[in-house]
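J.: Chains as they are written, first to last, in this note's numbering: chain A, 15 to 120; chain B, 325 to 419; chain C, 317 to 466; chain D, 1478 to 1897. Note that the Cβ used here is the ideal one computed from N, Cα and C, for glycine as well. This structure is in structure tokens; I'll ask about it shortly.
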Amino acid sequence: MARALINVPAKAKRGDIIEIKTLMSHPMETGFRPTQEGKIIPRDIINRFVCTYDGVAVFSVDLFPAMSANPFISFTLRATNSGVITFSWTDDKGETQVQTASIEVE
Amino acid sequence: MRIVLLVTTLALISGPVAAQSPAPPGALTCSGCHGAAGSELPSLRGKDAATITQALLAFRSGAREATLMNRITKGFSEDELAAIAVWIEAQKDVK
Amino acid sequence: MSTPTRRTVLTLGTGAIALLLSPAARATTASMAEAIRAFTNGKAIAASGVSLDIPLLLESGNSVPAVVKVDSPMSEDNFVRKIALFNEKNPLPNVAIFHLTPQSGRAWVSTRIRLSDSQKVMAVAEMSDGSFRSGSIEVIVTLPACVEQN
Amino acid sequence: MSLTDRRQILGGLAATATVLGAPYVSAQAQPHVIVIGGGFGGATCARFLHRAGIKVTLIEENATYTSCPFSNLVIHGSREISAQQFSYDALKSEGITIVAQRAQSVDGDARRVTLNDGTTLTYDRLILSPGIDMRFDALPGYDAASAELMPHAWKAGAQTVLLRRQLEAMEDGGLVVMSVPANPYRCPPGPYERASLIAHYLKTKKPKSKLIVLDAKDQFSKQKLFQEAWANLYPDHLEYVPLAAGGKTTEVIASDKTVVTEFSRYTAAVANIIPPQQAGKIAQLAGAADRTGWCPIDPMTFESKLRPNMHVIGDAAIMGAMPKSAFAANAQAKLCAQTVAQLLRGETPAEPKLVNTCYSLVAPDYGISVAGVYRPGNGVFVDIEGAGGTSPLTAPQDVRTREAAYSNAWFGIITAEVFG
Chain A
15 MARALINVPA KAKRGDIIEI KTLMSHPMET GFRPTQEGKI IPRDIINRFV CTYDGVAVFS
75 VDLFPAMSAN PFISFTLRAT NSGVITFSWT DDKGETQVQT ASIEVE
Chain B
325 MRIVLLVTTL ALISGPVAAQ SPAPPGALTC SGCHGAAGSE LPSLRGKDAA TITQALLAFR
385 SGAREATLMN RITKGFSEDE LAAIAVWIEA QKDVK
Chain C
317 MSTPTRRTVL TLGTGAIALL LSPAARATTA SMAEAIRAFT NGKAIAASGV SLDIPLLLES
377 GNSVPAVVKV DSPMSEDNFV RKIALFNEKN PLPNVAIFHL TPQSGRAWVS TRIRLSDSQK
437 VMAVAEMSDG SFRSGSIEVI VTLPACVEQN
Chain D
1478 MSLTDRRQIL GGLAATATVL GAPYVSAQAQ PHVIVIGGGF GGATCARFLH RAGIKVTLIE
1538 ENATYTSCPF SNLVIHGSRE ISAQQFSYDA LKSEGITIVA QRAQSVDGDA RRVTLNDGTT
1598 LTYDRLILSP GIDMRFDALP GYDAASAELM PHAWKAGAQT VLLRRQLEAM EDGGLVVMSV
1658 PANPYRCPPG PYERASLIAH YLKTKKPKSK LIVLDAKDQF SKQKLFQEAW ANLYPDHLEY
1718 VPLAAGGKTT EVIASDKTVV TEFSRYTAAV ANIIPPQQAG KIAQLAGAAD RTGWCPIDPM
1778 TFESKLRPNM HVIGDAAIMG AMPKSAFAAN AQAKLCAQTV AQLLRGETPA EPKLVNTCYS
1838 LVAPDYGISV AGVYRPGNGV FVDIEGAGGT SPLTAPQDVR TREAAYSNAW FGIITAEVFG
């Protein structure tokens, strides 16, 4: 995995519903694509995405090969308190990449 | 029947085009790039079918160097290219 | 250089435009129906309350924006637990399963998926009371005009 | 001439025909074809129908046509908009009836077109070549009013000149932002030619400035050729942001020329926003466009799948692999004219083949091209395998110069065929 793009508002009012956007660079090899020589490229996808807010898992996704390359996942959260929002992507090899963002809630 | 008659009649008015048989597949496209003489892109007016066929086949096989015609001619069979050439030659009587 | 492999893809990929003109087909292909049964454990699905938004005409199925909304207050005792996306004609029927919580605030997700052909895409939501709802959309995937891929 | 009473006109022609020795021809027998839209598709189609002896009326409200192909050179500053403009005088002098009004509505059942002055015209077959309309509902913040501040310049004319003036007025060092939509839209490689020529303008005239291209997709026409040329020619003046790097525009704010993307925001000195598009309005009003906003057609005849006796050509139609280009519209128009003439004679058209050729300028003297050959398949046009493709990725400069010269020659020839 390479780099992720994350869009989390830096500030929010308590009770606001905030929109979060994430994009992770990844080829998401489907396991169905042949090379020029006709060999199938083995499947290699991110199969799990988890978002925690203040240490609690609040949103997650199970991904299948029909998710596009560089998976884009956008969702909402209710801003309850200032803290850290963590995002993690886990691929077929079991490797996990984590990124965080902080939010200030007034 | 009446329509056919009318079209034939109109052909007399507006020139011989209407009396032409339909252009073979692909032939109508050529004039989008090949028009009057004096352009960077060669005119096909007055060229005979044999010359045109030979050129098209040479583009298709790669024997003749080209920027685009090599890519286009690969989309046609030899017979189709020959039919296009015959049609282009016939256009010299038109207009 | 320019022997576009996409042509092979396209030959497989176009079609079904006529299908779009008829009312949305009720029946789904067997594998999609099977995947949905597995997700709901065979429970009944109400065909309402879920909106699935995908552009109707796609020239490429590589990265297709999909937005799902479910009618729900997203309160502590009445919320959407899961939203699953399914498709009819890709090699596999599953696309993704989103797990939501009351903290989500809204039953709304936006993502990008792959579609190998014109087909029906379906979103099924599992509510906190264990009931299921769905919404679907028929989309046309043509082919990317003048895009070379080698 | 009264347009409402075409029977009178037809009667006149029938009389002529009688004089010429066809006493069996009655007035009703002369079919009338209406073409709506006088661009590369419509003007060509009207011309070829007329030459095939078909009575044709072309409905086009504008007195002059402004060509989109080559309009990127106007933005670049090396070409005047007047060089893009063509009158319909040649068509008129050939005897084609041109009605300088807007087609207000079409009644497909009655085969009747109503013009904006209330006049009606009836047809045996209708050809719609309306081009595209911007979808001003599709991108938050972008409507007709904001297009005056952040031009799309995706229909050539005043918008083209506006974008050029804005670039000329910009201080050296200003940021230029282009927003490119997802497919389908008019002229697939057009945004990238424009980006190239704007970068060329900046490099030569405003070297401290830079162009950022925000794209809602990851793949585009002639991509490798463009990107290689950009790396060589404009490394400091053009930054390309694809979908995968957050390039999708989600909102624009016209008041301060801000472009908002999924992960970032850019405030520009000049912003060129190309919004999502749909088939021209009259195609929607005629019922020829489906819920996608575009017109499904039978590729054998270009006849609408939704409305019999209506044919759609050019950018408005769903053509499959065949792109929305001027060349394609012109090629489709010639074939459509022939096909409609055959249908009116009761003949069955043979399966066609079509070709598209499209040049793009990466710099004024650096041209690249893509070609395709197409046949009907799967209800649209599909590529003929093994044909077509792009210019070679590696080629000496003289090949690029030659393709730029051919591009220029092509413009002269095709506009002569359509309007000359």
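Smallest Cα separation from Val1747 of chain D: which of D:Gln1761, D:Val1729, D:Pro1753, D:Gln1754?
T.: Against the fourth sequence, residue 1747 of chain D aligns to sequence position 270. Of D:Gln1761, D:Val1729, D:Pro1753, D:Gln1754, the residue nearest in Cα terms is D:Val1729.
J.: Per DSSP, which residues does Leu1679 of chain D bridge with? Please list them.
T.: The residue labelled residue 1679 of chain D in the question sits at position 202 within the fourth sequence. Answer is none; Leu1679 of chain D lacks a bridge partner.
J.: Whose CA, out of D:Cys1664, D:Lys1694, D:Tyr1662, D:Val1583, lies closest to the CA of Ser379 of chain C?
T.: Your numbering for residue 379 of chain C matches position 63 in the third sequence. Cα-wise, what sits closest to Ser379 of chain C is D:Lys1694.
J.: Count the other CB atoms within 10 Å of the CB of Asn406 of chain C; is the residue buried (16 or more) or exposed (fewer)?
T.: Numbered from its first residue, the third sequence carries residue 406 of chain C at position 90. Flag for Asn406 of chain C reads buried.
J.: Using a beta-carbon distance cut-off of less than 9 Å, what residues from the region 378 to 401 of chain C approach chain D?
T.: Asn378, Ser379, Pro381
J.: What in chain D is Cβ-close to Ile412 of chain B, meaning under 9 Å?
T.: Within the second sequence, numbered from 1, the residue matching residue 412 of chain B stands at position 88. Here the premise fails: no neighbours, minimum Cβ distance about 14 Å.
J.: From the DSSP secondary-structure annotation, give me the bridge partner or partners of Pro1628 of chain D.
T.: Within the fourth sequence, the letter at position 151 stands for residue 1628 of chain D. DSSP, once it has assigned bridges, lists no residue as partnering Pro1628 of chain D.
J.: Using only CA atoms, which one of B:Glu404, B:Gly362, B:Gln415 lies nearest to Gly378 of chain B?
T.: One-based indexing of the second sequence puts residue 378 of chain B at position 54. Checking the sequence, you will find Gln at residue 378 of chain B rather than Gly. It is B:Glu404.
J.: Find the residues of chain D that neighbour Ser39 of chain A, judging by a C-beta separation of less than 7 Å, and give them in chain order.
T.: Within the first sequence, the letter at position 25 stands for residue 39 of chain A. Going along chain D in sequence order, the residues near Ser39 of chain A (Cβ under 7 Å) are Ala1721.
J.: Put Phe89 of chain A into one of helix, strand or coil per three-state DSSP.
T.: One-based indexing of the first sequence puts residue 89 of chain A at position 75. In the structure shown, Phe89 of chain A sits in a strand (DSSP, three-state: E or B).
J.: List, in order along the chain, the chain D residues whose C-beta lies closer than 8 Å to that of Ser376 of chain C?
T.: As a position in the third sequence, residue 376 of chain C is number 60, starting the count at 1. What Ser376 of chain C touches in chain D: Asn1660, Lys1694, Gln1696.
J.: Rounded to whole angstroms, what is the Cα-Cα separation between Leu1691 of chain D and Gly1865 of chain D?
T.: Indexing the fourth sequence from 1 puts residue 1691 of chain D at position 214. Indexing the fourth sequence from 1 puts residue 1865 of chain D at position 388. If I take the Cα positions, the gap works out to 28 Å.
J.: With 8 Å set as the bound, which would you pick, yes or no: does the beta-carbon of Pro23 of chain A sit closer than that to a beta-carbon of chain C?
T.: The residue you call residue 23 of chain A lines up with position 9 of the first sequence. Not one chain C Cβ lies under 8 Å of Pro23 of chain A.
J.: By the three-class DSSP mapping on this structure, what secondary structure does Ile412 of chain B have?
T.: Taking the second sequence and counting its residues from 1, one reaches residue 412 of chain B at position 88. Helix.
J.: Looking at chain A, is there any beta carbon in it that lies within less than 8 Å of the beta carbon of Glu1739 of chain D?
T.: On the fourth sequence, residue 1739 of chain D is found 262 positions in, with the first residue counted as 1. Yes, Glu1739 of chain D lies at the interface with chain A (some Cβ there is under 8 Å from its Cβ).
J.: Spell out whether any CB of chain D is found under 8 Å from the CB atom of Glu364 of chain B.
T.: Here residue 364 of chain B refers to the residue found at position 40 of the second sequence. It does: the Cβ of Glu364 of chain B has a partner Cβ on chain D nearer than 8 Å.
J.: Could you check what DSSP says for Asn1419 of chain D in three-state terms: helix, strand or coil?
T.: For residue 1419 of chain D there is no data in the structure shown, the boundaries of chain D being 1478 and 1897.
J.: Note down, in chain order, each residue of its chain lying with its Cβ closer than 7 Å to the Cβ of Leu1831 of chain D, except the 5 sequence neighbours on either side.
T.: Taking the first residue of the fourth sequence as position 1, residue 1831 of chain D is located at position 354. Cβ contact annotation for Leu1831 of chain D (same chain, cutoff 7 Å, sequence separation greater than five): Met1799, Ala1808, Gln1809, Leu1812, Tyr1851, Phe1858, in chain order.
J.: May I have the straight-line CA-CA distance separating Ile34 of chain A from Ser1741 of chain D, to the nearest angstrom?
T.: Along the first sequence, read from residue 1 onward, the residue named residue 34 of chain A stands at position 20. Along the fourth sequence, read from residue 1 onward, the residue named residue 1741 of chain D stands at position 264. Going from the Cα of Ile34 of chain A to the Cα of Ser1741 of chain D covers about 13 Å.
J.: Distance cutoff 8 Å, beta carbons only. Does Ile370 of chain C sit that close to anything in chain D?
T.: The residue labelled residue 370 of chain C in the question sits at position 54 within the third sequence. It does not; no Cβ of chain D falls within 8 Å.
J.: Quick one: any contact between the region 84 to 102 of chain A and the region 432 to 446 of chain C, if contact means 3 or more CB pairs under 8 Å?
T.: no
J.: Out of D:Asn1709, D:Val1817, D:Asn1833, which has the shortest C-alpha to C-alpha gap to Pro1826 of chain D?
T.: Here the question's residue 1826 of chain D lines up with position 349 in the fourth sequence. Cα-wise, what sits closest to Pro1826 of chain D is D:Val1817.
J.: Helix, strand or coil for Ala362 of chain C per DSSP?
T.: Looking up residue 362 of chain C in the third sequence gives position 46. Correct three-state label for Ala362 of chain C: strand.
J.: In chain order, what residues of the same chain lie with their CB nearer than 8 Å to the CB of Arg369 of chain B, ignoring the 5 residues before and after it?
T.: Translated into positions along the second sequence, residue 369 of chain B becomes position 45. The residues are Ala360, Ala361, Gln415, Lys416.
J.: Residues of chain B with a CB under 8 Å from the CB of Gln1700 of chain D: which are they?
T.: If you number the fourth sequence from 1, residue 1700 of chain D lands on position 223. Those within 8 Å of Gln1700 of chain D in chain B number zero; the least Cβ separation is about 17 Å.
J.: Would you tell me roughly how many angstroms separate the C-alpha atoms of Ser376 of chain C and Asp1792 of chain D, rounded to the nearest one?
T.: Within the third sequence, the letter at position 60 stands for residue 376 of chain C. Within the fourth sequence, the letter at position 315 stands for residue 1792 of chain D. Computed Cα separation, rounded: 17 Å.
J.: If Val396 of chain C and Met443 of chain C are in contact, beta carbons under 8 Å, what's the gap, nearest whole angstrom?
T.: Counting from 1 along the third sequence, the entry for residue 396 of chain C is found at position 80. Counting from 1 along the third sequence, the entry for residue 443 of chain C is found at position 127. In this structure Val396 of chain C touches Met443 of chain C by the C-beta definition: roughly 6 Å separates them, less than 8 Å.
J.: How would you label Ser391 of chain C, buried or exposed, when you count the other beta carbons within 10 angstroms and need 16 or more for buried?
T.: For the purposes of this step, residue 391 of chain C is identified with residue 75 of the third sequence, where counting begins at 1. Looking at its Cβ environment, which holds fewer than 16 other Cβ atoms inside 10 Å, Ser391 of chain C is exposed.
J.: Could you pull the start and end residues of the alpha helix (DSSP H) that Val1638 of chain D belongs to?
T.: Working through the fourth sequence from its first residue, we reach residue 1638 of chain D at position 161. Looking at the DSSP string, the run of the alpha helix (DSSP H) that includes Val1638 of chain D is 1635 to 1646.
J.: Would Asn95 of chain A count as contacting chain D if we go by Cβ distances under 8 Å?
T.: The count along the first sequence starts at 1 and reaches residue 95 of chain A at position 81. Cβ-Cβ to chain D under 8 Å: no for Asn95 of chain A.
J.: Taking the alpha carbon of Ala347 of chain B as the point to measure from, which residue in D:Val1510, D:Pro1508, D:Ile1511, D:Phe1525 has its own alpha carbon closest?
T.: Taking the second sequence and counting its residues from 1, one reaches residue 347 of chain B at position 23. Of the candidates D:Val1510, D:Pro1508, D:Ile1511, D:Phe1525, the one whose C-alpha sits nearest the C-alpha of Ala347 of chain B is D:Phe1525.
J.: Give me the residue from C:Ile413, C:Pro409, C:Arg353, C:Arg422 with the minimum Cα distance to Lys385 of chain C.
T.: Sequence index remark: in the third sequence, residue 385 of chain C carries index 69 (1-based). Among C:Ile413, C:Pro409, C:Arg353, C:Arg422, the Cα nearest to that of Lys385 of chain C belongs to C:Arg422.
J.: What separation, rounded to the nearest whole angstrom, lies between the Cα atoms of Phe1563 of chain D and Thr1778 of chain D?
T.: Translated into positions along the fourth sequence, residue 1563 of chain D becomes position 86. Translated into positions along the fourth sequence, residue 1778 of chain D becomes position 301. Roughly 28 Å between the two C-alpha positions.
J.: With DSSP run on the structure shown, which of helix, strand or coil describes Lys419 of chain B?
T.: Mapped onto the second sequence, residue 419 of chain B falls at position 95. A caution first: Lys419 of chain B carries a pLDDT of 48, below 50, which makes its placement in the model too unreliable to give a value.
J.: Quick check: what's the CA-CA separation for Asp451 of chain C versus Val64 of chain A?
T.: Start at 1 with the first residue of the third sequence, and residue 451 of chain C comes out as number 135. Start at 1 with the first residue of the first sequence, and residue 64 of chain A comes out as number 50. Checking the displayed sequence, the identity of residue 451 of chain C turns out to be Gly instead of Asp. Between Gly451 of chain C and Val64 of chain A, the C-alpha separation is close to 25 Å.
J.: Please give the ranges of any alpha helix (DSSP H) in the region 1653 to 1730 of chain D, keeping only runs that are unbroken, at least 4 residues long and fully inside the region.
T.: Listed in chain order, they are 1667 to 1682, 1700 to 1710.
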